[in-house]
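Just so you know, we're using UniProt numbering here: the sequence shown kicks off at 1 and counts up by one.
For reference, the structure discussed in these notes is given below.
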Amino acid sequence: MVENLLGVLKFILKLLMDKRGSPLLEEGLLVGLALVLFAVLVSAFLGIFNWFQSATQPLSGLGGGLSTLFQSIMQGYLKLFKFLTGQ
């Protein structure tokens, strides 16, 4: 049993030390990283818009123009975010 475990560990170590990598795998990792980074940036951007909307909420008594504008902008960005993330 110990010999089998050592064999498995040697095999895993051999795979980890292998310097060769598939270009397709590398491209896939880069695309995945880009999508994650894009989702993080969009969520931060939406957080800033939510904060700005809550900060301008007291101004809605001035005719509601700003509030309506920011609500429509937020709805558009939320739809875009849901489309891009597949939600």
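Positions of the beta carbon are idealized from the N, C-alpha and C atoms, including for glycine.
For residue i, does the three-state DSSP call read helix, strand or coil?
i: G54; result: For the record, residue 54 in the displayed sequence is Ser; it is not Gly. Helix.
i: G86; result: coil
i: S22; result: coil
Rounded C-beta distance between residue i and residue j? I'm assuming under 8 Å.
i: L46; j: Y77; result: 6 Å
i: Q53; j: F70; result: 5 Å
Please report the distance separating the alpha-carbon of residue i from that of residue j.
i: A39; j: F81; result: 8 Å
i: L6; j: F49; result: 55 Å
i: N4; j: L13; result: 14 Å
Of the choices the options, whose alpha-carbon is the least far from that of residue i?
i: F83; options: L6, E26, V42 and I12; result: V42
i: T85; options: E3, G32 and I48; result: G32
Under the criterion of a Cβ to heavy atom distance below 7 Å, does residue i qualify as lining the ligand NAD?
i: Q87; result: With respect to small molecules bound, the structure shown includes none, and the ligand NAD cannot be examined in it.
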